[in-house]
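A.B. asks: Here's a structure for you.
In this note's numbering, the protein residues as written are 69 to 645.
Right, here's the structure in full:
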C-alpha cells in the first residue's frame with residue numbers, strides 16, 4: 069500500500085515548481101506560486117492536495133520551529149495543563165515557560181506560529197478547492213473526493229484554531245484568492261463551530277470508507293471529526309448517533325495492547341481512524357516526527373533536549389483501589405505512590421497499586437523505558453527543576469528509532485483519531501443523555517483492554533552496562549485494574565468516572581487543556597494542581613490560572629497587525645487581553 073508521503077514525490081516529478089534540488093518536500097516548502105498554468109491540471113491539483121496534507125504534520129511553513137505548531141499540541145495542550153511540565157531547565161525556551169505558568173501574551177512567538185500554521189494550512193486547502201474548478205482533466209467523481217479531502221483538512225485546521233482562540237476567523241474558499249491578499253481579511257465575530265461541523269459533514273458525504281493510500285482522510289475519519297467538533301461545542305445530542313455509528317458499524321476494533329497505539333511497529337492498526345504519517349530511514353529523515361523532537365530524554369541514544377516531563381500530580385492520579393478502580397473520592401491528591409523528593413526521588417513508596425497505563429504514559433525511575441533502558445534520573449536534564457519523570461508515548465522503540473538529528477527523529481505516527489477516543493466521547497454523550505449503563509459499557513471496554521497482562525510494562529533488572537538489562541518475567545509494577553461492576557445510577561459520579569478515564573487513557577497526548585476548557589473546569593482543576601505541584605516545582609509557586617482570561621490564548625499581535633484593511637484591523641482581540 070502506498071503511503072501518502074510517497075505519493076507526493078510522484079506528483080513533484082510532474083508538477084513544475086521552483087525549488088532547489090536539495091530541498092526535500094517534507095522539510096522545505098516550495099517557494100513558487102501555488103497556482104498558475106502549470107498546476108491547472110490533475111497532477112498539479114493532486115500535488116497541491118498532498119502539500120495541504122503536509123500542513124497537518126506541522127510542516128510546510130517557513131520560519132519557527134515545528135514544535136511551535138506541533139500536531140501533538142504538547143505545548144498548548146499539555147504543558148499548559150496538569151498533565152505535563154515544560155521540563156528541561158529553567159532557561160530553555162522561555163516561551164514555553166510563559167505558557168506553563170499562564171502568562172499568556174500576545175507576542176509569544178510560539179502562539180504566533182500556531183496561528184500562522186493553522187491559517188497557512190487553511191489557505192492550502194482553499195487553494196485546492198478553487199483549483200479543482202480550473203483543472204479540466206479531473207473527472208467529476210475524483211473532483212468531488214479532492215474537495216472532500218480539502219474540506220477535511222480545512223475543518224481540521226479551523227478546529228485547531230477554535231480550540232486555541234475564543235473567536236478565530238473562518239476562511240472559506242470564497243474568501244481566498246492568491247490574486248487578492250485582502251480577500252482573506254475577514255472579521256472574527258464569534259465561534260466557528262457551525263462552519264467546522266459543516267466542513268466535516270461535507271467531507272464525510274464526499275469521501276470513501278477506505279482509501280488506497282495510507283494517510284488520506286476517509287468517510288469514517290470525517291465522521292469522527294464531525295462528532296468531535298459537536299462534542300467540543302457541547303452538542304452531545306447531535307454527536308451521539310454519529311459516535312454510535314462509528315463504534316457499531318465502523319471497521320475499527322480496539323487493539324489488544326494499550327501500548328500498540330504508541331509504537332512504530334503497530335502504526336495504522338485496527339484502532340486507528342486517522343493518523344499523521346511519518347517516516348525515517350538512514351538516507352532520509354525529512355519525513356520524521358521532528359515536531360516532537362525536543363521532547364526526548366537527555367541521555368544517549370537521544371541526548372536532547374529534556375522537554376515534556378510529567379508532574380507528580382499525574383503519576384499519583386494513576387493509583388487504584390483494591391478493586392482496581394480509579395480513586396474517584398480524590399484521595400490520590402493526598403497520597404503519593406512515588407517519592408517526590410529526596411535521595412530516592414521517583415522511586416515507589418512501598419508496592420502501590422497502579423493502573424498499567426501509567427508506565428506506558430510516564431517514564432519513571434526503575435521502569436523499563438520502551439526497551440531502551442531501565443529509566444533512571446540520568447534521563448532528566450535538571451532534576452531539581454522539573455523532577456524525575458518523563459513523557460513516553462511519542463518516543464519510538466529501538467527498532468523505530470531514527471539516526472538523524474540528535475537521535476530525536478522517528479517514524480512514530482501520531483494516532484490523532486482512534487477508536488479509544490471515540491468510545492470516550494460516546495461515553496460522555498451517554499452520560500449527558502442519562503444512559504449511564506451504556507456509558508459504563510464503553511468505559512469498561514477500555515479498562516478491559518488495559519487489563520490485558522500481555523500489555524503490561526515488563527519488569528527488568530539492570531545489567532553490567534547502562535544499556536544492558538534482563539527481563540524478570542513479571543510485570544514492572546503492581547498493576548491492579550478492574551472494570552466497573554456496579555450499576556451506574558448517579559449521573560454526576562458517572563460523569564466524573566468518564567472524565568477520569570479520559571485522563572487515564574489520553575494523558576500526554578496534548579488534549580488535557582482543551583478537555584478542561586470544554587468541561588468548564590479549568591480554573592478549579594488547574595489552580596488546585598498548581599497548589600499541589602508547586603510544593604516540588606518551586607517555579608510554580610505564586611502562579612495561578614485566571615478565568616476567563618486564560619481559558620483561551622490571545623490572538624497574536626502579529627495577526628492583528630496584518631489584518632488591516634482600509635486603515636482598520638479586521639481582527640478583534642479577545643477582550644480579556
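For glycine and all other residues, C-beta sits at the position ideal for the given N, C-alpha and C. Small disclaimer: the values here were computed from a predicted structure and weren't measured.
What first and last residue would you give for the beta strand (DSSP E) that runs through residue 174?
C.D. replies: Element bounds for residue 174: n/a, residue is neither H nor E.
A.B. asks: Name the DSSP beta bridge partners of residue 486, please?
C.D. replies: 340
A.B. asks: Please report how far the alpha carbon of residue 267 lies from the alpha carbon of residue 222, in whole angstroms.
C.D. replies: So the two alpha carbons sit approximately 7 angstroms from each other.
A.B. asks: Can you tell me whether residue 199 is buried or exposed, with buried defined as 16 or more other CB within 10 angstroms of its CB?
C.D. replies: buried
A.B. asks: List the endpoints of the continuous beta strand (DSSP E) containing residue 538.
C.D. replies: Note, residue 538: beta strand (DSSP E), 537-543.
A.B. asks: Is it the case that the Cβ atoms of residue 498 and residue 524 are separated by a distance below 8 angstroms?
C.D. replies: Result no, Cβ atoms of residue 498 and residue 524 do not sit closer than 8 angstroms.
A.B. asks: Note down the Cα distance separating residue 156 from residue 400, rounded to an integer number of angstroms.
C.D. replies: 26 angstroms
A.B. asks: If you check the beta carbons only, do residue 514 and residue 573 fall under 8 angstroms apart?
C.D. replies: yes
A.B. asks: Counting pairs of beta carbons, one from the segment 362-372 and one from the segment 314-330, are three or more of them closer than 8 angstroms?
C.D. replies: no
A.B. asks: Tell me the DSSP bridge mates of residue 621?
C.D. replies: 233
A.B. asks: Does residue 646 pass the burial test, meaning 16 or more other C-beta atoms within 10 Å, or should it be called exposed?
C.D. replies: Beyond the ends of the chain as shown, which are 69 and 645, falls residue 646; an answer cannot be given.
A.B. asks: Does the beta-carbon of residue 162 have 16 or more other beta-carbons within 10 angstroms, so that it is buried, or is it exposed?
C.D. replies: Exposed: under 16 other Cβ atoms inside 10 Å.
A.B. asks: Assuming residue 595 contacts residue 616 under a Cβ cut-off of 8 angstroms, what Cβ separation, rounded to an integer in Å, is found between them?
C.D. replies: 14 angstroms between Cβ atoms; not a contact.
A.B. asks: Grab the span of the beta strand (DSSP E) containing residue 529 for me, first residue to last.
C.D. replies: 526-530
A.B. asks: What residue range is occupied by the uninterrupted beta strand (DSSP E) comprising residue 376?
C.D. replies: Counting along the chain, the beta strand (DSSP E) containing residue 376 begins and ends at 375-377.
A.B. asks: Just grab the DSSP bridge partners of residue 430 for me.
C.D. replies: 459
A.B. asks: Report yes if the C-beta distance between residue 203 and residue 118 is below 8 angstroms; otherwise report no.
C.D. replies: no
A.B. asks: From the DSSP output, in three-state form, read off residue 641 for me.
C.D. replies: coil
A.B. asks: May I have the straight-line CA-CA distance separating residue 492 from residue 533, to the nearest angstrom?
C.D. replies: Rounded to whole angstroms, the gap between the alpha carbons of residue 492 and residue 533 is 42 angstroms.
A.B. asks: Let me know the secondary structure DSSP gives residue 325 once reduced to three states.
C.D. replies: coil
A.B. asks: May I ask whether a heavy atom of the ligand PLP can be found less than 7 angstroms away from the beta carbon of residue 416?
C.D. replies: As for the ligand PLP, it is missing from this structure, which has no ligand bound.
A.B. asks: Determine the extent of the alpha helix (DSSP H) in which residue 296 is found, giving its start and end residues.
C.D. replies: 287-300
A.B. asks: Work out the CA separation of residue 426 and residue 397 for me, nearest whole Å.
C.D. replies: 19 angstroms
A.B. asks: From the DSSP output, which residues share a beta bridge with residue 406?
C.D. replies: 416
A.B. asks: Using the three-state DSSP reduction, which class does residue 159 fall into: helix, strand or coil?
C.D. replies: coil
A.B. asks: Among the candidates 196, 564, 328, whose CA atom is the shortest distance from the CA of residue 687?
C.D. replies: Nothing in the structure corresponds to residue 687, since the chain is present only between 69 and 645.
A.B. asks: Distance, Cα to Cα, residue 99 vs residue 359?
C.D. replies: Since pLDDT at residue 99 reaches only 36, below the 50 mark, its modelled position is unreliable, and the value read off the structure follows with that caveat. Whole-angstrom Cα-Cα distance: 21 angstroms.
A.B. asks: Span of the alpha helix (DSSP H) holding residue 566?
C.D. replies: Start and end: 559-574.
A.B. asks: Does the separation of the CB atoms of residue 487 and residue 339 fall below 8 angstroms?
C.D. replies: yes
A.B. asks: Can you give me the C-alpha to C-alpha distance between residue 571 and residue 207, rounded to a whole angstrom?
C.D. replies: 46 angstroms
A.B. asks: Rounded to the nearest angstrom, what separates residue 232 and residue 333 at their Cα positions?
C.D. replies: 32 angstroms
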